[in-house]
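*Asks:*
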Amino acid sequence: MNARTEPAPAGSDAIARPPLVRELLLVAGLFLVYKLGRQLATGHTGEAFRNAHRVWDLERAAHLPGETAVQSLLLHGDGLAQLANTYYAAVHFPATAAFLIWLYLRRPAHYVWARRVLAAVTAAALALHLLVPLAPPRMLAATGLVDTARVYGPSVYGDPATDSVSNQFAAMPSLHFGWALMVAAGLIAATRSRWRWLWLLHPLLTLLVIVGTANHYWLDAIVAAALLGLVLAALHLPHRTVTTAGRAPGGSVPARRDEHALAGAGR
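The sequence shown maps to residues -16 to 250 in the numbering used here.
1) With a Cβ-Cβ cutoff of 8 Å, do residue 126 and residue 50 count as a contact?
2) Do you know whose CA, among 103, 189, 93, 34, lies nearest residue 76's CA?
3) Does DSSP classify residue 276 as helix, strand or coil?
4) Taking the straight line between their C-alpha atoms, what separation do you get for residue 4 and residue 94?
5) Closest to residue 215 by CA distance: which of 122, 166, 89 is it?
6) What's the C-alpha gap between residue 2 and residue 8?
7) On the DSSP bridge assignment, give the partners of residue 153 in chain order.
8) Taking 6 Å as the limit between beta carbons, can you name the residues of its chain near residue 108, skipping five residues before and five after?
9) Would you give the residue range spanned by the alpha helix (DSSP H) that residue 176 belongs to?
10) For the stretch 67 to 120, which segments carrying the alpha helix (DSSP H) assignment without a break, of at least 4 residues, lie completely within its bounds, in sequence order?
11) For residue 193, count the other beta carbons within 10 Å of its own beta carbon; 16 or more makes it buried, fewer makes it exposed. Which is it?
12) Taking 8 Å as the cut-off, does the stretch 69 to 84 touch the stretch 204 to 214 (at least 3 CB pairs, one atom from each stretch)?
13) Can you give me the C-alpha to C-alpha distance between residue 207 and residue 116, rounded to a whole angstrom?
14) How long is the line joining the alpha carbons of residue 36 and residue 105, rounded to whole angstroms?
15) Give me the Cα-Cα distance between residue 178 and residue 67, rounded to the nearest whole angstrom.
16) Alpha helix (DSSP H) containing residue 182: first to last residue?
17) With distances taken from CA atoms, which of 182, 33, 98 is nearest residue 12?
18) If you run the structure through DSSP and keep just helix, strand and coil, what is residue 224?
19) Please classify residue 1: does DSSP put it in a helix, a strand, or coil?
20) Along the alpha helix (DSSP H) that carries residue 40, what are the first and last residues, could you check?
21) Count the other CB atoms, across all protein chains shown, that sit within 10 Å of the CB of residue 199; report buried if there are 16 or more and exposed otherwise.
22) Figure out for me which residue from 170, 162, 203 has the closest Cα to the Cα of residue 42.
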């Protein structure tokens, strides 16, 4: 059977779609764990700043591009800085939620593995946030970077000393970048348009925003990408198509259920 078969009938997608109530509870639970994990990381300010100095020195030793070069582009005008701050504050959660909703409704077979990958990446990132607290570059005087959200607005963070809503010492890995990269990868895998690679503009723009606004170091994004790669390798096998799904080692006929579930993999 050729790997580029015609899409399976709509009914097969309906069979593969998980129960809506269960998925809503799972996503809500993940969001609560995300918030709770941030609260558990309080009280590590000194360690967070020591780690920040180490990351900054490591980047200079590795000759990574300076974050200052990206931020200087935003500081040519208030409007550009405000636009970057707005993107940082307003796109992260809505874009990921829209991605999951679209997959659930239109590509349920892809939704299952995408949700699993996002959940695993988020859980692993929260563990790293707890183990390695890290102050963002906007807090580190040695960087010479401007906290663009505080100066130009809008800002999603309050005073670090009194902020009880978010953990501002959870810079590495960057879930902003990790989620954006997963959204692009998922949409590229779930669609067949020749323009689908343009979805990579989302993580690219996110990378420039998180660095330019001094919310993250380059290494935060690099670690997020590496973490996503490890999770994808562990939880999802992109080479499985209708030609291999459900096929027994002896070459028996593929099971109809697996064929239906993965028939849309090339869309």
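Idealized CB from N, CA, C, for every residue including glycine.
In this text the structure is predicted, and so the values were computed from the model without any measurement.
*Replies:* Inspection of the coordinates gives the following:
1) yes
2) 189
3) Given a span of -16 to 250 for the chain in the structure shown, any question on residue 276 remains unanswerable.
4) 15 Å
5) 166
6) 10 Å
7) 117
8) 156, 158
9) Element bounds for residue 176: n/a, residue is neither H nor E.
10) 75 to 89, 91 to 114
11) buried
12) no
13) 15 Å
14) 25 Å
15) 25 Å
16) It is not in any alpha helix (DSSP H) - residue 182 carries neither H nor E in the DSSP assignment.
17) 98
18) Residue placement at residue 224 is flagged as unreliable, the pLDDT there being 39, under the threshold of 50; a coordinate-derived value is accordingly withheld.
19) coil
20) 28 to 44
21) buried
22) 203
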